[in-house]
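Participant: Residue numbers (my numbering): 5 to 456.
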Amino acid sequence: MKMAFRGTNVPHHVLYPHMNTILHWFTTDLRLHDMPSLHAAKDANALLPVYVIDPQSDIDTIHGFPRIGPIRKAFILETVYALKEHLQTLGSDLLIVEGSPEIIIPKLVSIYAVDRIHVELPFASEEIKRIADVESKITIPIHRFESRTMFREQDLPFALDQLPDIFTEFRKMIEKACGYAIQSCDDSPLPPLPIASKDITVQCMGQHEEHIVQADPRAAFRAIGGEIEGLKRLHYYVADTHAISTYKETRNGMIGDRYSSKFSPWLALGALSARKIIESINAYELQYNANESTYWMKFELLWREFFQWTLKKHGDAFFRAEGIRGKKQDVKHDPQLIEHWRLGNTPDTFVNANMKELLHTGYMSNRGRQNVASYFVHNLQQDWRIGAAWFESQLIDYDVASNWGNWMYVAGVGNDPRQDRVFNTKKQADMYDPDGEYQDLWLHDHMAKNEH
Ligand SMILES: Cc1cc2nc3c(=O)[nH]c(=O)nc-3n(C[C@H](O)[C@H](O)[C@H](O)COP(=O)(O)OP(=O)(O)OC[C@H]3O[C@@H](n4cnc5c(N)ncnc54)[C@H](O)[C@@H]3O)c2cc1C
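1) Counting only the same chain and skipping the five closest in sequence on each side, list residues whose C-beta sits under 6 Å from that of TRP394.
2) For a test of your reading of the model: does the CB of GLU304 fall under 7 Å from any non-hydrogen atom of ligand 1? Yes or no.
3) Would you report the Cα separation of LEU362 and ASP137, rounded to the nearest angstrom?
4) Buried or exposed for MET359, please, with buried defined as at least 16 other CB atoms from any protein chain shown within 10 angstroms of its CB.
5) Nearest CA to the CA of ASP261: which residue from TRP300, ILE282, ILE285 and PRO221?
6) Taking 7 Å as the cut-off, is the beta-carbon of TYR436 closer than that to any non-hydrogen atom of ligand 1?
7) Please classify SER61 as buried or exposed, where buried requires at least 16 other C-beta atoms within 10 Å of its C-beta.
8) Starting from PRO53, follow the beta strand (DSSP E) in both directions and report where the run begins and ends.
9) Can you tell me whether ASN419 is buried or exposed, with buried defined as 16 or more other CB within 10 angstroms of its CB?
10) Please report the straight-line C-alpha distance between PRO161 and ASP58, rounded to a whole angstrom.
11) Are the CB atoms of TYR184 and ASN286 within a distance shorter than 8 Å?
12) Can you tell me which of the three DSSP states ILE146 falls into?
13) I'd like to confirm something about TRP307: is its beta-carbon nearer than 7 Å to some heavy atom of ligand 1, or not?
14) Less than 7 Å separating the Cβ of LEU87 from some heavy atom of ligand 1?
15) Heavy atom of ligand 2 less than 7 Å from the Cβ of ARG35, yes or no?
16) Taking 8 Å as the cut-off, does the region 424-434 touch the region 337-351 (at least 3 CB pairs, one atom from each stretch)?
17) Can you have a look at SER140 and say buried or exposed, based on whether 16 or more other CB atoms are within 10 angstroms of its CB?
18) Quick check: what's the CA-CA separation for THR353 versus LEU447?
19) Need the endpoints of the beta strand (DSSP E) that THR25 sits in, please.
20) Rounded to the nearest angstrom, what separates VAL123 and GLU441 at their Cα positions?
21) Any heavy atom of ligand 1 closer than 7 Å to the Cβ of PHE311?
22) For GLU124, which of helix, strand or coil comes out of DSSP?
23) Quick check on DSSP: helix, strand or coil for LYS236?
24) Which same chain residues end up closer than 6 Å to GLY95 when comparing Cβ atoms and leaving out the 5 residues on each side of it in sequence?
25) What does DSSP give as the partner residue(s) for GLU102 in the beta ladder?
26) Which whole-angstrom value describes the C-beta separation of PHE69 and SER397, a residue pair presumed to lie in contact below a C-beta threshold of 8 Å?
27) Nearest by alpha-carbon distance to PHE267: which of ASP159, VAL426, ILE228 and GLY234 is it?
28) Keeping to the same chain, check which residues put their C-beta closer than 8 Å to that of ALA278; ignore five residues upstream and five downstream.
29) How many Å lie between GLN443 and ASP437 at the Cα?
30) Nearer than 7 Å: is that true of the beta carbon of VAL414 relative to any heavy atom of ligand 1?
31) Roughly how far, in whole angstroms, is the beta-carbon of ILE144 from the beta-carbon of VAL113, given that I think they are within contact range, below 8 Å?
32) Could you check what DSSP says for LYS336 in three-state terms: helix, strand or coil?
33) Check each candidate in SER249, ASP244, MET258 and ALA243 and name the one with the smallest Cα separation from ALA224.
34) When DSSP labels each residue in this structure, what does ASP434 get in the three-state scheme?
35) Considering ASP64, what are the terminal residues of the alpha helix (DSSP H) in which it resides?
36) Could you pull out every residue in the same chain whose Cβ sits closer than 7 Å to the Cβ of GLU173, ignoring the five residues on either side in sequence?
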């Protein structure tokens, strides 16, 4: 564990007996806008923002590839360091510490005499357990804040155990009850964020430059981590280019940076809030026009919302072969077939092109994801969870609910009312890549051939 404390030997609570110190544990809420947890810290005399890099996330999966691949890891670190810089401009800072949270956080609580902890409310069991493990080692309270979804649980027009398992039913209930008039973001200035102590320095792990990977020039776009870049992308897509007003027509594209919003990498790490995006679309509709495309973007964001709440409702069923349907699956595991699929060396060129885009950039279009997942599950007949784990390793926009929820859906064990949704990848290629331009880009390039 690379953590070293320098400075005075006198305990912090002896030096500062009347402090009200809040430790803000950032996880996947790496931003300062629309953060109820920061506004709720206004009574603090001292705030200690912390990010913990858990070495557990570096270990390989049982499938023999890293849980977090190099491109995704670089994006996460870029986002974390952007947050650190942002906090520094406000006179605060971010302590970035490598180690197990259940050791690090209690240690910080003791050193800084922390009175309470603020953290994002997690929906997935592993993250829920991580916080519970920390909680069991300390005596101060941990306050959990909802900052991932556009609705708070109390705003949903049903109790969580009544959440429909069919998206259309969910959408209709939401649109009838509240539409997209969500609780607005709290954009009032942040309270002062006095750093807990200037006389103690925490040595951060190595700078993120070490982890930067070279961007592939063929990438649809280059996502730069951090909320400032996320907000810039929002502004670019909505106000600058008006690309939002043609989203419904372009969303099935596969090349370039405008066919879809590319909000997902920032959303995944919380560098952009879903509420902020909805607010921005609502404002655009007021100023210009609401049309099918502006509606469709909200509709897609509602899919994201749906998977978040479905994960909260069903918990661990998300990660079982039989999914939330409890449907017995005859799962296969052929390491060679899986390897060919992962590296884009199957007999199907459309699938290969998409898999290479993922491997080299950490991103793939929604059209591509549906095809390669269907191919993995239905053509290769492999265990959908291995496909989901590969996406988890590679995607810079990896989101536990959206990823595992979509994979379950494709595998027929999730929220899809239809059981027979199999993509014909040849037909899909003819329809969405009629001139083979996309396949050329990813298959007939010296860089792509090199890694065979
Ligand atoms: C097998 C599979 C795995 C996926 N894994 C992820 C994942 O790990 N993280 C992730 O964010 N998305 C995932 N998606 C959903 C979708 O493909 C991506 O959200 C989308 O391609 C991101 O690009 P974009 O931001 O330009 O999307 P846009 O088309 O511009 O959509 C705007 C936003 O709506 C949301 N959205 C759109 N489609 C979906 C969907 N089907 N499910 C949930 N939310 C959606 C996303 O937040 C997205 O950023 C997955 C889809 C499939 C089929």
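Backbone N, C-alpha and C define an ideal beta-carbon position, used for all residues, glycine too.
Nothing here was measured: the structure is a model prediction, and the numbers come from that model.
Facilitator: For this structure:
1) Here residue 394 corresponds to residue number 390 of the sequence shown, with the count starting at 1. ARG346, listed in sequence order.
2) Position 300 of the sequence shown holds residue 304. For ligand 1, at least one heavy atom lies less than 7 Å from the Cβ of GLU304.
3) In the sequence shown, counting from the first residue as 1, residue 362 sits at position 358. In the sequence shown, counting from the first residue as 1, residue 137 sits at position 133. Taking the straight line joining both Cα atoms gives about 34 Å.
4) Locating residue 359 in the sequence shown gives position 355, where the first residue counts as 1. MET359 comes out buried.
5) As a working mapping, residue 261 is identified with position 257 in the sequence shown. Measuring from the Cα of ASP261, the nearest candidate turns out to be PRO221.
6) The count along the sequence shown starts at 1 and reaches residue 436 at position 432. The answer is no for TYR436.
7) The count along the sequence shown starts at 1 and reaches residue 61 at position 57. Exposed, because fewer than 16 other Cβ atoms sit within 10 Å of the Cβ of SER61.
8) Against the sequence shown, residue 53 aligns to sequence position 49. Counting along the chain, the beta strand (DSSP E) containing PRO53 begins and ends at 50-57.
9) On the sequence shown, residue 419 is found 415 positions in, with the first residue counted as 1. Burial call: buried.
10) Against the sequence shown, residue 161 aligns to sequence position 157. Against the sequence shown, residue 58 aligns to sequence position 54. Straight-line Cα distance between these residues: approximately 37 Å.
11) Indexing the sequence shown from 1 puts residue 286 at position 282. Indexing the sequence shown from 1 puts residue 184 at position 180. Taking 8 Å as the Cβ cut-off, ASN286 and TYR184 qualify as a contacting pair.
12) By 1-based counting over the sequence shown, the position of residue 146 is 142. Residue state, collapsed to three classes: strand.
13) Numbered from its first residue, the sequence shown carries residue 307 at position 303. TRP307: yes, Cβ under 7 Å from ligand 1.
14) Taking the sequence shown and counting its residues from 1, one reaches residue 87 at position 83. No - ligand 1 has no heavy atom lying nearer than 7 Å to the Cβ of LEU87.
15) No copy of ligand 2 occurs in the structure displayed; its ligands are ligand 1 alone.
16) These segments do not touch.
17) On the sequence shown, residue 140 is found 136 positions in, with the first residue counted as 1. Under this definition SER140 is an exposed residue.
18) Stepping through the sequence shown from its first residue, residue 353 is reached at position 349. Stepping through the sequence shown from its first residue, residue 447 is reached at position 443. The alpha-carbon atoms of THR353 and LEU447 are separated by roughly 8 Å.
19) In the sequence shown, the residue the question calls residue 25 occupies position 21. Segment 25-30, the beta strand (DSSP E) holding THR25.
20) Numbered from 1 along the sequence shown, position 119 holds the residue referred to as residue 123. Numbered from 1 along the sequence shown, position 437 holds the residue referred to as residue 441. Near 45 Å, if we compare the C-alpha coordinates of GLU441 and VAL123.
21) What you label residue 311 is simply residue 307 of the sequence shown in a count that begins at 1. Ligand 1 approaches PHE311 closely enough that one of its heavy atoms is under 7 Å from the residue's Cβ.
22) To locate residue 124, count along the sequence shown from 1; it is residue 120. When DSSP states are grouped into helix, strand and coil, GLU124 belongs to the strand group.
23) Numbered from its first residue, the sequence shown carries residue 236 at position 232. DSSP places LYS236 in helix when its eight states are reduced to three.
24) On the sequence shown, residue 95 is found 91 positions in, with the first residue counted as 1. Excluding sequence neighbours, GLY95 sits near nothing in its chain.
25) As a first step, residue 102 is located in the sequence shown; it is residue number 98 there, counting from the start. In DSSP, GLU102 forms a bridge with ILE57.
26) As a first step, residue 69 is located in the sequence shown; it is residue number 65 there, counting from the start. As a first step, residue 397 is located in the sequence shown; it is residue number 393 there, counting from the start. Sure, about 5 Å apart at Cβ, within 8 Å.
27) To locate residue 267, count along the sequence shown from 1; it is residue 263. That would be GLY234, whose Cα lies nearest to the Cα of PHE267.
28) Start at 1 with the first residue of the sequence shown, and residue 278 comes out as number 274. If we look at ALA278 and ignore the five residues flanking it on each side, its Cβ neighbours are ARG152, THR153, MET154, LEU271, LEU305, ARG308 and GLU309.
29) Taking the sequence shown and counting its residues from 1, the one referred to as residue 443 is at position 439. Taking the sequence shown and counting its residues from 1, the one referred to as residue 437 is at position 433. GLN443 and ASP437: Cα-Cα distance of roughly 8 Å.
30) Taking the sequence shown and counting its residues from 1, one reaches residue 414 at position 410. At least one heavy atom of ligand 1 is nearer than 7 Å to the Cβ of VAL414, so yes.
31) Along the sequence shown, one-based indexing puts residue 144 at 140. Along the sequence shown, one-based indexing puts residue 113 at 109. About 6 Å separates the two Cβ atoms, so the contact holds.
32) Within the sequence shown, numbered from 1, the residue matching residue 336 stands at position 332. Residue state for LYS336 is assigned as strand, using DSSP reduced to three classes.
33) Taking the first residue of the sequence shown as position 1, residue 224 is located at position 220. Measuring from the Cα of ALA224, the nearest candidate turns out to be MET258.
34) Counting from 1 along the sequence shown, the entry for residue 434 is found at position 430. It is helical.
35) Translated into the one-based positions of the sequence shown, residue 64 becomes position 60. Unbroken run through ASP64: none, as it is neither H nor E.
36) One-based indexing of the sequence shown puts residue 173 at position 169. For GLU173, where only same-chain residues beyond five positions count, there are no Cβ hits under 7 Å.
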